[in-house]
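The block underneath contains the structure these notes are about, expressed in structure tokens.
Protein chains in written order, with this note's numbering: chain A, 4 to 257; chain B, 4 to 257.
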């Protein structure tokens, strides 16, 4: 297990911290950003994710806009939101209700990024939604801005590793891309991810941007869930059977 | 968490033990069936699955047929295999290679059970395949027999809980059905499972047989993976980050 660098320092240079934690930690009784993070301990073999675990910058915090945007005519975006992002949201939120559903989210993202599969959209909704302020199947403006910014970062990463501009990245590139996003994923897991999207074959398999986002968001979400249980930051966590199922099953989106 | 009976004794009456463990435990250095099982300890609140954890009966053990069926003309079925099962396998294994791929498995099962989605077929291939004797994307006769028998049991359970013969079961029925198969799944997880197959809505949602098999196999597979780590049978387990990702990601089948 020593054949891959799990402590890649490159994550910080790509603004790992700008991607919000998802789903919001408050739902799990964990004060994300409200208390100093414990110093990571990477002494043992179980060290598993990059050393940095920064809270998101204030202008993108998941707490921003909670409860905002409720009701027609009262759609408030976080300060500094780019006009394009606001325009994309308002274009699909035609009734000005302040929240959008899966199909509207799909439409909104397709204007700038990609027409994601509904499966990927559903995963994004699950990961970025704030259940405290909206129903699980709707997203408000603050979460939409977080998602938009995160996808912008991921698009940049994808393009950087898609060196031949084929629109696809292979397993080695996926591993590097995920590492640059802050996730040190073991090679066997990378192979499974690639195989999952290539009819069970990992050899010569590759991922397009849609699949990259789906894959990466699964890794990001599972890592964040795991971190919540790994409170001492040791790279391992003790889970109850119920907790394990509750943690994992939401990621298994048909 | 005391509102559901996690120690339902009904599991044994439906022959839980006849469903083989999957994937074969030998791949994880765990001698399934070769050593006495530890006595389950359900003293604590963390007890999580039914008290019985029986090894499969000898005629259906996962070890049967390992290495058998390799090469044309040498397809060996476990003793006692029903002629229909053998016929279904041979009908799709046209070259007599002794193993079948995803599409062939889909065809073989459709003759008796259901034309499962390729997503479900892929999950079945992953869960029942024996990587020691075949490639991950092919299945041999012994595993096919195990899968066939398991599906027979699950079909019976599904029909029993589909009381109005609608071809679908709702969340309460799903919970009962899974419990009768030996899996005490917390209600919130049941709601997520139902919602995943009903466009995010759990209210009034239901599962057809295909989705029931997919759902149930995910629960079965995750439970068995978890049990492997819960060696003292306490209802909780300590996982490394790598172990956690390796355990979970294969279930996330696109």
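By construction, the Cβ of each residue, glycine as well, lies at the ideal position given by its N, Cα and C atoms.
Computed from a predicted structure; not experimentally measured.
Residue i, DSSP secondary structure in three states
i, result
"residue 252(B)", "helix"
"residue 115(A)", "coil"
"residue 110(B)", "helix"
"residue 201(B)", "coil"
"residue 84(B)", "coil"
"residue 180(A)", "helix"
"residue 164(B)", "helix"
"residue 229(B)", "helix"
"residue 97(B)", "coil"
"residue 190(A)", "helix"
"residue 120(B)", "coil"
"residue 185(A)", "coil"
"residue 148(A)", "helix"
"residue 91(B)", "helix"
"residue 78(A)", "coil"
"residue 135(A)", "coil"
Status (buried if at least 16 other CB within 10 Å, exposed otherwise) for residue i
i, result
"residue 36(B)", "Residue placement at residue 36(B) is flagged as unreliable, the pLDDT there being 29, under the threshold of 50; the coordinate-derived value follows with that caveat. Burial call: buried."
"residue 190(A)", "exposed"
"residue 81(A)", "buried"
"residue 245(B)", "buried"
"residue 77(B)", "exposed"
"residue 134(B)", "exposed"
"residue 207(A)", "exposed"
"residue 102(A)", "buried"
"residue 86(B)", "exposed"
"residue 98(B)", "exposed"
"residue 182(A)", "buried"
"residue 234(A)", "exposed"
"residue 241(B)", "exposed"
"residue 170(A)", "exposed"
"residue 219(B)", "buried"
"residue 114(A)", "exposed"
"residue 138(B)", "exposed"
"residue 143(B)", "buried"
"residue 175(A)", "exposed"
"residue 118(B)", "exposed"
"residue 83(A)", "exposed"
"residue 159(A)", "exposed"
"residue 106(A)", "exposed"
"residue 168(B)", "exposed"
Listed by chain order, chain A residues near residue i by CB distance under 9 Å
i, result
"residue 174(B)", "Going along chain A, no residue has its Cβ under 9 Å from residue 174(B), so there is no contact; the nearest lies around 13 Å."
7 Å Cβ cut-off: residues of chain B touching residue i
i, result
"residue 159(A)", "Near residue 159(A) there are no residues of chain B at all, since even the closest Cβ is about 24 Å away, more than 7 Å."
"residue 225(A)", "248 and 251"
Per DSSP, the bridge partner or partners of residue i
i, result
"residue 243(B)", "239(A)"
"residue 172(A)", "210(A)"
"residue 103(B)", "142(B)"
Interface partners of residue i on chain B, CB under 9 Å
i, result
"residue 266(A)", "What is shown of chain A runs 4 to 257, which leaves residue 266(A) out entirely."
Proximal chain A residues relative to residue i, where beta-carbon distance stays under 7 Å
i, result
"residue 253(B)", "195"
"residue 249(B)", "189, 191 and 192"
"residue 229(B)", "244 and 247"
Listed by chain order, chain A residues near residue i by CB distance under 8 Å
i, result
"residue 221(B)", "252 and 255"
"residue 184(B)", "In chain order: nothing, as chain A lies at least about 15 Å away."
Neighbour list for residue i in chain B, Cβ cutoff strictly below 8 Å
i, result
"residue 130(A)", "Near residue 130(A) there are no residues of chain B at all, since even the closest Cβ is about 13 Å away, more than 8 Å."
"residue 177(A)", "Within 8 Å Cβ-Cβ: nothing; residue 177(A) doesn't reach chain B, min ~13 Å."
Residue i Cβ short of 8 Å to the ligand GDP heavy atom set
i, result
"residue 197(A)", "As for the ligand GDP, it is missing from this structure, which has no ligand bound."
- prompt: Given 8 Å as the limit, is there contact between the stretch 82-93 of chain B and the stretch 147-154 of chain B, that is, 3 or more CB pairs closer than that?
  reply: A contact exists between the stretch 82-93 of chain B and the stretch 147-154 of chain B.
- prompt: With contact counted as at least three CB pairs below 8 Å, one residue from each stretch, are the stretch 164-171 of chain B and the stretch 120-128 of chain B in contact?
  reply: Contact fails: fewer than three Cβ-Cβ distances are below 8 Å.
query: Between the stretch 175-187 of chain B and the stretch 221-233 of chain B, do three or more beta carbon pairs fall short of 8 Å?
result: With a cut-off of 8 Å, the stretch 221-233 of chain B and the stretch 175-187 of chain B count as touching, because enough Cβ pairs lie within range.
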